[in-house]
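Everything in the sequence shown is counted per our numbering, starting at 1 for the first residue and increasing by one.
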Amino acid sequence: MGNMFTFDKGIRLDAHPIWIDASNVVQQCCVSHGHADHIRRHKLTYATPATAAFIRRRLGDVTVREIPFDQSFQIGPYSITFLPAGHILGSAQVYVEHEDGTTLLYSGDFKLETGRTAEPLRVRQADILIMECTFGYPKYRFPGRDELEKRLCQFVEQALSQGQYPLVYGYALGKAQEAMKILADHGFELAVHGSVLHMAEVYQRHGVDFGNITRFRKNDDHRNKVIILPPQARHLKMIRALRPSRSIFLSGWGVDSAVRFRYGVDEVLPLSDHADFDGLLRYIDMVQPKTIYTTHGPKDYYLFLRSLGYNAHPLKPSQQGELF
Ligand SMILES: [Zn+2]
Ligand SMILES: [Zn+2]
């Protein structure tokens with residue numbers, strides 16, 4: 001069938017132009033999830049209902065056709081299906097089947113471990129796999145989810161028992177809500193920054209129960225509560241005024257413990273919403289692709305995949321992807 005897609009600031013399915021995660025505004029685009037680097041004011045967006053809700057929260061009125069997971073829709077010769085990516089609530093892989101039988105899976109951002117707030121990853125085999133490989137270095141091997149949750153709870157308990165404010169930093173969409181859910185399920189009371197709360201409301205509407213949470217306000221009494229904050233809040237005066245405090249930043253980059261100096265926090269915990277080094281390989285194993293295109297992460301990750309015998313290529317601007 002020759003070319004199936006072109007990469008040009010996003011994936012363009014050639015036979016009947018529709019895009020996936022285009023970073024320019026286009027006519028028709030499938031959007032994998034609600035993170036800011038993936039959403040735009042396209043003329044028409046296709047997204048899961050939760051992603052649609054995040055888009056509206058961030059961009060206001062945008063035309064979105066909501067497509068639940070596992071429901072195929074037809075665009076020209078393509079049948080397109082969203083599959084859960086396990087990254088954040090509503091995050092999807094995009095599975096494309098051309099009428100000639102060729103299949104393509106676009107991973108979007110994904111993770112294999114089942115978290116508490118994202119639909120668990122489910123894959124299908126595909127001829128062509130386009131995958132993110134953010135943590136494609138061997139040093140990025142994350143501890144298991146249980147271990148990470150335990151360490152987060154221990155951090156909080158210790159801070160509280162020493163009369164310190166526990167400050168938990170995570171991205172306002174996804175990471176912060178995962179932390180909220182872990183801590184709420186362990187019985188902690190939360191005071192949540194407004195920007196995190198704004199996104200958490202979508203989670204609540206999709207059935208994620210955070211228990212009793214209050215909005216973090218400057219002059220309220222937050223003793224005995226865990227304070228959930230977006231990374232930018234580190235520099236706020238009202239946060240610096242919370243003393244004594246102890247801070248933790250949730251990020252996959254935290255496998256380098258020196259990262260805490262860069263973030264200016266006491267601890268970094270590698271609770272990630274991306275696949276780690278081993279996860280990337282397990283993912284490929286499940287998809288069984290004939291051809292792999294890599295994006296994000298180490299520039300030479302495709303060479304590593306080639307050394308393992310895969311037919312792998314880096315995605316380069318204006319590159320056309322061919323099956324054979
Ligand atoms: Zn993302
Ligand atoms: Zn991303």
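Think of the CB as a built atom: it goes at the ideal place given N, C-alpha and C, for glycine as much as any other residue.
Buried/exposed call for residue i, threshold 16 Cβ in 10 Å
i      : result
Phe324 : For Phe324, the predicted model reports a pLDDT of 36, less than 50, meaning its position is unreliable; a value from the coordinates is still stated below. Exposed is the call here.
Gly163 : exposed
Val25  : exposed
Gln325 : No information on residue 325 is available, as it lies outside the stretch 1 to 324 that the chain covers here.
Ala241 : exposed
Leu308 : exposed
Gln177 : buried
Pro120 : exposed
Thr294 : buried
Gly252 : buried
Pro68  : exposed
Leu197 : buried
Arg243 : exposed
Pro289 : buried
As assigned by DSSP and simplified to three states, the class of residue i
i      : result
Phe5   : strand
Phe188 : coil
Gln92  : First, the residue type needs correcting, since residue 92 is Ala and not Gln in the sequence shown. Residue state, collapsed to three classes: strand.
Gln28  : strand
Phe324 : Low per-residue confidence applies at Phe324: pLDDT is 36, beneath 50, and the placement is therefore not dependable enough to give any value.
Leu269 : strand
Val156 : helix
Arg124 : coil
Pro351 : Shown here, the chain extends from 1 to 324; a query on residue 351 therefore has no answer.
Host alpha helix (DSSP H) of residue i (start-end)
i      : result
His193 : That residue, His193, is in no alpha helix (DSSP H); it is neither H nor E in DSSP.
Tyr263 : Val259 to Tyr263
Run of the beta strand (DSSP E) containing residue i, from where it starts to where it stops
i      : result
Ile55  : Premise fails: Ile55 lies in the alpha helix (DSSP H), Pro49 to Leu59, not in any beta strand (DSSP E).
Ala312 : Ala312 to Pro314
For residue j and residue i, believed in contact at Cβ under 8 Å, the rounded distance
i      : j      : result
Ser247 : Leu167 : 4 Å
His94  : Cys30  : Contrary to the premise, residue 94 reads as Val rather than His in this sequence. At roughly 5 Å, the Cβ-Cβ gap stays under 8 Å, so Val94 and Cys30 are in contact.
Tyr283 : Val123 : 7 Å
Ile227 : Phe210 : Going by Cβ atoms, the distance from Ile227 to Phe210 rounds to 14 Å, so no, they are not a contact pair.
Leu280 : Gly136 : 6 Å
Gly115 : His33  : Incorrect: roughly 14 Å between the Cβ atoms, too far for contact.
Ser27  : Lys43  : Going by the sequence as given, residue 27 is Gln instead of Ser. About 5 Å; that satisfies the 8 Å criterion.
Arg141 : Asp256 : The Cβ separation is near 12 Å, so there is no contact.
>> Assess contact between the stretch 177-189 and the stretch 145-161, defined as three or more Cβ pairs (one per stretch) separated by less than 8 Å. Is contact present?
In response: yes
>> Assess contact between the stretch 213-231 and the stretch 125-133, defined as three or more Cβ pairs (one per stretch) separated by less than 8 Å. Is contact present?
In response: As far as the Cβ criterion goes, the stretch 213-231 does not touch the stretch 125-133, which means the pair count is below three.
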